[in-house]
Amino acid sequence: MKGEGEHKLSREIASHPFFHGMTREFVHTVAAEAVERSFVADDMIAVEGTEADILYLVLEGKVALELGAADRPPITVQTVGSGEIVGWSWLVPPHRWRFSIRALKPTRLVAIDGGIMRRTLHAHPDWGFQFMVRFMPVLAERLENTRIQLLDIYGR
Amino acid sequence: MAASVRMDPTSSADAGHPLAPIPYVVRSVATETPDIVTLTLNPHATKRIPPFRPGQFNMVYVYGVGESAISISGGTSDGQLIHTVQSLGKVSNALTRLTPGDTLGVRGPYGRGWPIAEAKGRDLVIVAGGLGLPPLRPVLYEIFRNREAYGRIEIIDGARTPKNLVYYDEVQGWRRRSDLRIQVTVDAAGRDWYGDVGVVTTRIPDARFEPERTTAFICGPEIMLKLTAQALAARKVPADSIFISMERNMKCAIGLCGHCQFQSSFVCRDGPVFSYAAAQPLLNVKEV
Amino acid sequence: MVELNVGDRVILARGEFPAFFVALREAGYEVVGPTVRDGAIVYDRLSRVEDLPIGWTDRQAPGKYRLERRSDEALFGYNVGPFTWKKFLFPPRERLWTARKDGDSFTIEPEPTDGPSVAFLGMRACELAGVRVTDRVFQGGPIVDPGYAARRSRIFRIAVQCGQAGGNCFCVSMGTGPGVDSDVDLVLTEILEPGPHRFLLRVGSSEGARVLAHVPLAPANASEERAAASIVARTAGSMGRTMETDGIRDLLRTNLDHPRWDDVARRCLSCTNCTMVCPTCFCSTHEEVPDLDLAKVERWRRWDSCFNLAFTELHGVSVRKSGLSRYRQWMTHKLGTWHDQFGSSGCIGCGRCITWCPVGIDITEEVAAIRKSPGATTAKGGNP
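Chains as they are written, first to last, in the numbering used here: chain B, 1 to 156; chain P, 157 to 444; chain A, 445 to 828.
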């Protein structure tokens, strides 16, 4: 379990902007079951509606968040790039992806196990608070941006 | 409201009425999107409008239909003019249906343009949304003519969907330049788009500039102007270094008909470019 | 035939007023002045003294205008009516140019600007101030309106110092009257008592002297000059309204969200009457008027009003949709931002907007209400 691979991810996670400044022990704990995954353009990383138990940190590349419907091709509503995070369905039940994730170019992600995240946050409220203080602004900004997109400011 | 460069308010009609248009001929028409075209115009005879500055606009006239204020998005020293027009009303619709050889009228140039000279030696952040790129393109042409005079150039271009992007091929050409960075983003896209999706402000964190020595030019719908200016101000770009281009109903373009007033300013004469520091208090009051 | 000089004060007997009319015509002027029509005193072409509103006065209050017979036969015993001199300098409809098809192209023919010389008979001090304001608007900037400038250069101004203040007048507050100080061609003060009925004339220009050269006149004496001065002083002391103008530009600029705007918005109908009767409102719109076969197209300019919903239409949506925003635009422009644009107030204190508002909105009252509680903000619809 502990070894070269896990230490490498501890460093990647600790230096990712989202986890920057979080307690070392917290980082080590989540790194324990984390894995690095690589994708090329058009790879489907997650599929809308399937089980979601992963928090993704984007190390490099770009991914599209897509919404599908039976009667039309999927629409990309947001792209996320390096230094950002993707995935909140692991935290909010039902734990199913609310959107699909597709790679747009060669992309490296750290996949953090959602179950471990939930148990860790419950067990350590102070880490939980550190996490929420970073997590809420990301969600708030995405919500605000989505609302602006809804305004259809370019019209026509 | 002061701030941006004061232009000579010369009229285009030397011996006639200050509101008389000069005949120009359509040389070519390029289709940008289903409702946006770019018209290249040459003077019909010897009469032409005086040289323009980036950010200025003309009143473009369709015989028998009327006039519309259209920003100038390019031109040459021998009098050629380029106007990118979206079909939004009676006159602009008629403009988008012109074909090579058709005659139209032009009077101008009007307004205060972008303060490019004051940006020398500074980083430039240029943010265009929707049809915001046409009024900004002459800025880029001027910068390209004298690239070393400016610091870092960061361009952000946003549109509704990929098929609403204007000057698409030209923008791809700019992407290949190593002396500037350009990010293109759309509000929604399909599977054939591999670029960014999200509002223009999401691109600002990735833009590289020194806030204290940055000048920003923003052009697009008013909501987008406000959000972008706020995001830049949040990154400590001073409000008097941020410039926006405003739009209002215009009839005369010479500060006489009263339509374009924005409290104490006539947008046709004191704008359309304003410093965000000057405009901001009013942008936050509804229906000014 | 006395040779008159600028600054001379002379007396014109009531009986010689017809000779004054003749002199104006012989000097080459059409006379435009007050006359009774449709229950109001309007400005129109006059051919003789009897066209004047002899023995009439007006009673004005918010939303009210009535003519009343006087007990005397004063020629100028009223204040101001629904028309302004603006309509002769900046006509309600004016052709700017005509375009004609010319092969593949077109030619533009500006509208000729020649026309008759006109004497404006009976300009009140406030109205003179109004013309000074529109002079700045139409010919005071880098681009001069050719039609206005041409018409303005052909005007002979005959001022009248008011013998009474109107119910809605506040020229004293605006510093525009009732005395006429400027170098206007001729300044009249009507003296009714002590009798006989006569007019003190002050010669203000060499053209004024020229016009009067063959009119039977007598030199004015000191008591007549005193009588004229006390008439003006009495008028100044009986203004219908007042407006505190100290710091008004900043007051309005910093109170764009004041609850008073909601209050006036509930009353204002956006009928545009105030802008139509205001001597200084200058907004206009352009119209393209083609012939059926498009061989010829005319560009017309006509009066417009910031109260019109379409005034600020941009891409199909009006920037100032609410009545509140439109009333606020008119008032803050007239009393506030006009200073930034033209270096003076846009209001001359004539009170026409108060008289002709169907619901009697009083601009002096609106200002006073905001002054009473500056900085107050509206409970709803304020700044986000």
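Yeah, the Cβ is synthetic: ideal placement off N, Cα and C, and Gly gets one too.
Could you name the residues of the same chain whose beta carbon sits closer than 6 Å to that of B/Thr-146, not counting the 5 residues immediately before and after it, in chain order? Take B/Thr-146, set aside five residues on each side of it, and no residue of its chain has a beta-carbon closer than 6 Å to its own.
Please give me, in chain order, every unbroken run of the alpha helix (DSSP H) with length at least 4 that falls completely inside the region 711-799 of chain A. For the region 711-799 of chain A, the full-length alpha helix (DSSP H) segments reaching 4 residues or more read 717-721, 767-776, 782-786 and 796-799 along the chain.
query = In whole angstroms, what is the alpha-carbon distance linking A/Pro-622 and A/Asn-752?
reply = For A/Pro-622 and A/Asn-752, the distance between alpha carbons rounds to 33 Å.
Notebook entry, point to check: Quick one: does A/Phe-600 have its CB under 7 Å from some CB of chain P?
Noted result: No, because no Cβ of chain P sits closer than 7 Å to the Cβ of A/Phe-600.
Self-check item: Bridge-paired residues (DSSP) for A/Gln-504
Solution: The bridge partners DSSP lists for A/Gln-504 are A/Tyr-509.
Check: Is there a Cβ from chain P that is less than 7 Å from the Cβ of A/Arg-458?
Finding: Closer than 7 Å: no.
Sorted by chain position, which residues of the same chain lie with C-beta nearer than 8 Å to A/Thr-542's C-beta, five sequence neighbours on each side aside? Exclusion of the five residues before and after A/Thr-542 leaves Ile-552, Glu-553, Glu-555, Lys-740, Val-741, Glu-742 and Arg-743 as the residues of its chain whose Cβ lies within less than 8 Å of its Cβ.
* To do: Under 8 Å by Cβ, that's how I've got P/Gly-269 and P/Val-429 pegged, so tell me the actual separation to the nearest angstrom.
  => About 6 Å; that satisfies the 8 Å criterion.
In the DSSP assignment, the alpha helix (DSSP H) including A/Arg-642 goes from what residue to what residue?
Here A/Arg-642 belongs to no alpha helix (DSSP H); instead the beta strand (DSSP E) covers 642-647.
Run through the DSSP bridge pairs and tell me what P/Thr-370 is partnered with. Paired residue(s): P/Asp-279.
*What does a CB cutoff of less than 8 Å around P/Gln-419 pick up in its chain, not counting 5 residues either side in sequence?*
Within the same chain, P/Gln-419 has close Cβ partners Leu-438 and Val-444.
With a CB to CB cut of under 7 Å and the five nearest residues on each side skipped, what residues in its chain are close to A/Gly-826? Bear in mind that the predicted position of A/Gly-826 carries a pLDDT of just 45, short of 50, making it too unreliable to give a figure here.
Margin query: In the DSSP output, which residue or residues are listed as bridge partners for B/Leu-109?
Written below: DSSP lists B/Arg-37 and B/Val-58 as partners of B/Leu-109.
Bounding residues of the beta strand (DSSP E) (the contiguous stretch that carries P/Glu-188):
If you look at P/Glu-188, you'll find it in the beta strand (DSSP E) that goes 178-189.
inquiry  = Tell me the DSSP secondary structure of A/Met-567 in three-state form.
reply    = The answer is strand: DSSP assigns A/Met-567 an E or B state.
C-beta neighbour in chain D for B/Leu-104, strict 7 Å
Protein chains in the displayed structure are B, P and A, and chain D is not among them.
* Asked: By the criterion of Cβ-Cβ separation under 7 Å, what are the contact partners of A/Asp-784 in chain P?
  -> Neighbours of A/Asp-784 on chain P, chain order: Ser-420.
- Query: Taking Cβ positions, are B/Leu-59 and B/Arg-108 nearer each other than 7 Å?
  - Reply: In this structure, the beta-carbon distance from B/Leu-59 to B/Arg-108 falls below 7 Å.
Scan the region 410-434 of chain P for residues whose Cβ lies nearer than 7 Å to a Cβ of chain B and list them as they occur along the chain. Those would be none; no residue qualifies.
Report task. May I have the straight-line CA-CA distance separating P/Cys-416 from B/Val-40, to the nearest angstrom? Result -> Between the alpha carbons of P/Cys-416 and B/Val-40 lies a gap of roughly 52 Å.
Q: Verify the CB distance criterion: does P/Gly-264 have a CB-CB separation below 7 Å to chain B?
A: For P/Gly-264, not one C-beta of chain B is nearer than 7 Å to its own C-beta.
What does DSSP give as the partner residues of A/Pro-478 in its beta bridges? According to DSSP, which records beta bridges pairwise, A/Pro-478 is partnered with A/Tyr-487.
* Taking Cβ positions only, does P/Asp-343 come closer than 7 Å to chain B? -> True, the Cβ-Cβ gap to chain B drops below 7 Å.
* Residue range of the beta strand (DSSP E) that B/Met-44 falls in? -> According to the DSSP assignment, B/Met-44 belongs to the beta strand (DSSP E) that extends over 44-46.
key: P/Ser-431 - DSSP class collapsed to helix/strand/coil   = Here P/Ser-431 sits in strand by DSSP.
Exercise. Under the rule that 16 or more other beta-carbon atoms within 10 Å means buried, what is P/Asp-335, buried or exposed?
Worked result: Taking a 10 Å sphere around the C-beta of P/Asp-335, we find fewer than 16 other C-beta atoms and assign the residue as exposed.
Could you compute how far the alpha carbon of A/Tyr-416 sits from the alpha carbon of A/Thr-698?
With chain A represented from 445 up to 828, any question about residue 416 of chain A goes unanswered, as that position is not in the structure.
Using C-beta distances below 6 Å, list every residue in its chain close to P/Pro-165, excluding the 5 sequence neighbours before and after it, in chain order. Residue confidence is low: P/Pro-165 scores 40 on pLDDT, short of 50, so the model does not pin down where it sits. No coordinate-derived value is stated.
Return the chain-ordered list of same chain residues with a C-beta closer than 7 Å to the C-beta of A/Ser-728, the five sequence neighbours on each side being excluded. Within the same chain, and ignoring the five residues on either side of A/Ser-728 in sequence, the residues whose Cβ sits closer than 7 Å to its Cβ are Arg-745, Arg-746, Trp-747 and Asp-748.
#### Entry: Residue range of the beta strand (DSSP E) that includes P/Met-215
Looking at the DSSP string, the run of the beta strand (DSSP E) that includes P/Met-215 is 213-218.
For the structure I just gave you, are there three or more beta carbon pairs, one from the region 646-660 of chain A and one from the region 685-694 of chain A, closer than 8 Å?
Not touching, per the Cβ criterion.
At the level of alpha carbons, what is the spacing between A/Leu-511 and A/Gly-611?
Roughly 13 Å between the two C-alpha positions.
Quick one: which residues of the region 347-362 of chain P get their C-beta closer than 7 Å to a C-beta of chain B? List them in chain order. Result list: Arg-347, Trp-349, Tyr-350, Asp-352, Val-353, Gly-354, Val-355 and Thr-358.
Query - Euclidean distance between Cα positions of A/Ala-449 and A/Glu-668 - result: In the sequence under discussion, the amino acid at residue 449 of chain A is Asn, which differs from the Ala named in the question. Per the coordinates, the alpha-carbon of A/Asn-449 lies some 19 Å from the alpha-carbon of A/Glu-668.
Using a threshold of 6 Å, is the CB atom of P/Val-295 nearer than that to any non-hydrogen atom of the ligand GDP? The model depicted lacks the ligand GDP and carries no ligand whatsoever.
Checklist line | Contact residues within the region 284-318 of chain P, judged by C-beta distance below 7 Å to chain B | finding: For the region 284-318 of chain P, residues whose beta-carbon sits nearer than 7 Å to a beta-carbon of chain B comprise Gly-285, Gly-286, Ala-315 and Arg-316.
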